[in-house]
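The structure under discussion appears below in the form of structure tokens.
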Amino acid sequence: MMKNDYIPFPSKILEVIRHTKIEYTFRMEFQGDVKLGQFFEVSIPKYGEAPISVSGIGDNFVDLTIRRVDKVTNEVFEHYVGDTLLLRGPYGNRFDVSDYAGKDIIVMAGGTGLSPVRGVVDYFFNHPEQRGHMTLIAGFKTSHDILFRNDLKLWKKNMDIILTVDCAEEDVACHVGLVTQYIPQIKLDNVQNTVAVVVGSPAMMRFSVQGLLDIGLPEENVWISQERKMCCGLGKCSHCKIGDTYVCLDGPVFNYTKGKFLVD
Amino acid sequence: MGFHVTDIQLNALFQTWQTNYHIYAPRKFSGGGRFSDTDCVRYGEIKHADEIVFDKKSDYSFKEILTPVSQTLFFFTEGETKEADVPKKGAVIFLRSCDLHVLKRLDDMYLHNGPADYYYQRLRESIKIVLMGCAHSFENCFCVSMGTNVSTNYDMSIDFQPDGTYLVDCKDETWAKQLEATEVPRLEVIPSHVKENNVTVQIPEHLTAEVSKSTMWKEYDSRCINCGRCNFVCPTCTCFTMQDLFYSENGKVGERRRI
Ligand SMILES: Cc1cc2nc3c(=O)[nH]c(=O)nc-3n(C[C@H](O)[C@H](O)[C@H](O)COP(=O)(O)OP(=O)(O)OC[C@H]3O[C@@H](n4cnc5c(N)ncnc54)[C@H](O)[C@@H]3O)c2cc1C
Ligand code: SF4
Ligand code: FES
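First to last, the sequence lines map onto chains A and B. If you read the first sequence in our numbering, its first letter stands for residue 1, the second for the next number, and so on. If you read the second sequence in our numbering, its first letter stands for residue 1001, the second for the next number, and so on.
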């Protein structure tokens, strides 16, 4: 029997974790092969589909951290624990933790960009023996936009965390300014043995990668995850195509040597 | 295996095909042109050989047969989905050599780029190809430059003769047996193809995806009104989008289509 990849399957919402007013993690029932960096299409009849990255993986669930934007995501927020959503996927390639093993690791995330790399950070939090020094720089617009607060608290135990918001606010204990400003503060031993993962808006990624290259990281040590408008997720509709690359098949995770060509 | 058949014999063959297949070929749609009182040649279902237009090129691509302009993927009711039925019959499609090369491109995309496309594959597996020979080149044809003027991967070929008969080369064994049984004259048939066109296209060497950044596209960009028609004109374009349609205002029942 041929497999029909277009028909979504039902998945129960096991838990909802609220980060901000418009960003919740939906813990969705799922058993099957899924890897960090991949994404699902949340597929809601009548409303359409939205590609959403996996922010966590468990034995019988995947976490989808969703920002409420418009049509589809608004409808997702009408659902709660015990309800069922329809999903397709997982699609795309993955963050391969073996690429980073044994190295010093820098993760730079802007806003919801923390969601696709959350699993990677969590993996190396739980396996500190598989890496050298680790730094996470996470930037948000304001303190109200900070995601994964509990994780950030926990991760502090064995990695450097620089949490920053765009503008100064009263009574907020975090740094101020853009993530790129904090690149000079990263503890660097050997740039050749340092890898970086950068995820955020196109502008954030452009400036952050440039900052990392400026301090001497080789391009091949940098990975990015691209968010493109998508439709099928299956390499058919061409919505995600840049040049001859299909972000949904060849990505969304790219080594910067390839990813640097994916700008338009 | 080659045969020289009359329209009566060909129609008899068509008759047997119609048990399991729809037959699609370029045919005339009177008054169907882009301007008033003009005709149009495009793909449509035919029953008889004389409906097929041999002396003109189709104005539109055959690809709508495999990738319909609007295709229902599944129906939904509250919480349930039901896959759209497979068409009951397969299709015999009459194609020019250049179109057969187009089919390869569609296959590359829908069958080999990522997982095979379910809806394309189930249609693709039930089609048969009849190659229409080209006795001469048509306006704007440039197949020779592209190396698409010759095709051999057909189930049957057909060449219309000035006396109203047809030369066919039949590779499909069942069909060949059927023709043999009616004792039509046998001879060696090589489908006609052109060796030169009025238009020659020079393909730049070392062409890469870099051309997507060429300033040439500025003119297209400036005129584009996002109508999506280019998607129909280009036979090799596989782009689509999906749309949910609901039958009632409460919206719980409907279908997802690709368009
Ligand atoms: C690989 C990938 C992973 C993603 N991961 C996440 C995630 O983990 N969490 C999350 O909240 N969002 C993620 N997104 C973005 C998410 O898919 C869009 O926010 C969502 O499709 C919006 O759908 P909507 O129907 O609610 O809004 P729409 O009505 O579709 O659009 C609302 C607005 O958002 C813009 N928009 C639509 N789709 C996208 C898109 N794909 N990327 C950027 N802008 C878009 C539109 O132009 C419009 O301005 C991801 C996108 C991709 C391609
Ligand atoms: S002459 Fe060439 S381009 Fe023209 S219809 Fe025939 S095969 Fe196609
Ligand atoms: S999303 Fe359709 S080809 Fe990538």
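Ideal Cβ placement from N, Cα and C applies to all residues, glycine included.
Closer than 8 Å: residue i CB and nearest ligand 5 heavy atom
i	result
Leu-64 of chain A	Looking for ligand 5 in the displayed structure turns up nothing; the ligands present are ligand 1, ligand 2 and ligand 3.
Proximity of residue i and residue j at Cβ, strictly below 9 Å
i	j	result
Val-16 of chain A	Lys-35 of chain A	no
Gly-259 of chain A	Cys-248 of chain A	no
Val-199 of chain A	Leu-217 of chain A	no
Asp-1107 of chain B	Arg-1124 of chain B	yes
Asp-104 of chain A	Asn-193 of chain A	yes
Phe-140 of chain A	Gly-111 of chain A	yes
Val-1144 of chain B	Asn-1197 of chain B	yes
Met-1156 of chain B	Thr-1238 of chain B	no
Thr-1081 of chain B	Leu-86 of chain A	yes
Asp-151 of chain A	Glu-23 of chain A	no
Phe-1160 of chain B	Lys-1056 of chain B	no
Pro-45 of chain A	Asp-1007 of chain B	no
Pro-128 of chain A	Met-108 of chain A	no
Lys-3 of chain A	Pro-1204 of chain B	no
Ile-1046 of chain B	Phe-1014 of chain B	yes
Leu-166 of chain A	Thr-135 of chain A	According to the sequence provided, residue 166 of chain A is Asp. The question's Leu does not apply to it. Not in contact: Asp-166 of chain A and Thr-135 of chain A (Cβ atoms no closer than 9 Å).
His-1048 of chain B	Gly-1090 of chain B	no
Ser-1212 of chain B	Gly-243 of chain A	yes
Glu-1255 of chain B	Thr-1067 of chain B	no
Val-1189 of chain B	Asp-1169 of chain B	yes
Same chain, Cβ closer than 8 Å to residue i, neighbours up to 5 away in sequence not counted
i	result
Tyr-182 of chain A	Ile-137, Ile-162, Thr-164, His-175
Glu-220 of chain A	Asn-255, Tyr-256, Thr-257
Val-120 of chain A	Leu-36, Gly-37, Phe-95, Val-97, Tyr-100, Val-107, Val-197
Euclidean distance between Cα positions of residue i and residue j
i	j	result
Glu-1083 of chain B	Met-1242 of chain B	15 Å
Arg-1096 of chain B	Thr-1236 of chain B	14 Å
Val-1201 of chain B	Lys-1218 of chain B	21 Å
Phe-288 of chain A	Asp-1037 of chain B	In the structure displayed, chain A extends from 1 to 264; residue 288 of chain A sits before or after that span and is not available.
Tyr-1118 of chain B	Gly-211 of chain A	45 Å
Thr-1208 of chain B	Glu-1249 of chain B	49 Å
Pro-1191 of chain B	Asp-1050 of chain B	19 Å
Phe-1035 of chain B	Gly-32 of chain A	56 Å
Val-195 of chain A	Tyr-91 of chain A	25 Å
His-1112 of chain B	Gly-37 of chain A	23 Å
Asn-1149 of chain B	Arg-68 of chain A	53 Å
Gln-130 of chain A	Tyr-123 of chain A	10 Å
Asn-1011 of chain B	Val-1102 of chain B	28 Å
Gly-1228 of chain B	Asp-1172 of chain B	38 Å
Phe-1062 of chain B	Asp-250 of chain A	30 Å
Tyr-1247 of chain B	Val-1253 of chain B	6 Å
Phe-125 of chain A	Thr-1152 of chain B	60 Å
Ala-1176 of chain B	Gln-226 of chain A	54 Å
Ile-215 of chain A	Val-222 of chain A	12 Å
Cys-231 of chain A	Lys-21 of chain A	27 Å
Asn-1231 of chain B	Gly-177 of chain A	45 Å
Residue of the options minimising C-alpha distance to residue i
i	options	result
Leu-147 of chain A	A:Val-179, A:Lys-3, A:His-19, A:Ile-13	A:His-19
Pro-252 of chain A	A:Asn-126, A:Asp-96, A:Leu-14	A:Asp-96
Ser-1030 of chain B	B:Leu-1010, B:Val-1053, B:Ala-1012, B:Ile-1008	B:Val-1053
Gly-1032 of chain B	B:Tyr-1024, B:Gly-1147, B:Tyr-1043	B:Tyr-1043
Ile-1259 of chain B	B:Phe-1035, B:Ile-1046, B:Lys-1088, B:Glu-1064	B:Glu-1064
Leu-1167 of chain B	B:Glu-1173, B:Thr-1182, B:Arg-1186	B:Arg-1186
Pro-116 of chain A	A:Ile-57, A:Met-28, A:Leu-178	A:Ile-57
Leu-14 of chain A	A:Thr-135, A:Asp-83, A:Phe-77, A:Phe-40	A:Asp-83
Asp-1099 of chain B	B:Phe-1074, B:Asp-1085, B:Cys-1141, B:Ser-1126	B:Cys-1141
Asp-59 of chain A	A:Glu-78, A:Glu-29, A:Ile-66, A:Gln-38	A:Glu-29
Phe-61 of chain A	A:Val-69, A:Phe-40, A:Val-72, A:Asp-70	A:Phe-40
Tyr-1120 of chain B	A:Gln-226, A:Lys-21, A:Arg-149, A:Tyr-6	A:Tyr-6
Leu-275 of chain A	A:Met-230, A:Gly-233, A:Pro-202, A:Thr-180	Outside the modelled stretch of chain A, which goes from 1 to 264, sits residue 275 of chain A, for which no answer is possible.
Arg-27 of chain A	A:Leu-178, A:Ile-66, A:Lys-71, A:Asn-93	A:Ile-66
Met-1001 of chain B	B:Thr-1174, B:Arg-1223, B:Tyr-1220	B:Thr-1174
Lys-1028 of chain B	B:Thr-1016, B:Val-1041, B:Val-1005	B:Val-1041
Beta-carbon proximity list for residue i, same chain, < 7 Å, skipping 5 on both sides
i	result
Tyr-246 of chain A	Gly-235, Cys-240
Ser-43 of chain A	Pro-8, Glu-49, Leu-86, Leu-87, Arg-88
Gln-1009 of chain B	Thr-1182, Val-1184
Glu-169 of chain A	Thr-142, Ser-143
Other residues of its chain near residue i: CB distance less than 6 Å, five sequence neighbours each side excluded
i	result
Gly-113 of chain A	Val-199, Gly-200
Lys-952 of chain B	Residue 952 of chain B lies beyond the range of chain B shown here (1001 to 1259); nothing can be said about it.
Phe-205 of chain A	According to the sequence shown, residue 205 of chain A is Met rather than Phe. Taken in chain order, the residues that qualify are Val-198, Ile-224.
Ala-1135 of chain B	Ser-1192
Phe-1094 of chain B	Ala-1025, Val-1130, Met-1132
Arg-228 of chain A	Cys-240, Val-247
9 Å Cβ cutoff, residue i in contact with chain C
i	result
Glu-49 of chain A	No chain C appears in this structure, whose protein chains are A and B.
Would you list the residues whose beta-carbon is nearer than 7 Å to any heavy atom of ligand 3, in the order they occur in the chain? Having a Cβ closer than 7 Å to some heavy atom of ligand 3 are A:Met-230, A:Cys-231, A:Cys-232, A:Gly-233, A:Leu-234, A:Gly-235, A:Lys-236, A:Cys-237, A:Ser-238, A:His-239, A:Cys-240, A:Lys-241, A:Tyr-246, A:Val-247, A:Cys-248, A:Leu-249.
Residue list, Cβ distance to ligand 2 heavy atoms smaller than 6 Å: B:Lys-1057, B:Arg-1096, B:Ser-1097, B:Cys-1098, B:Cys-1134, B:Ser-1137, B:Phe-1138, B:Cys-1141, B:Cys-1143, B:Asn-1149, B:Val-1194
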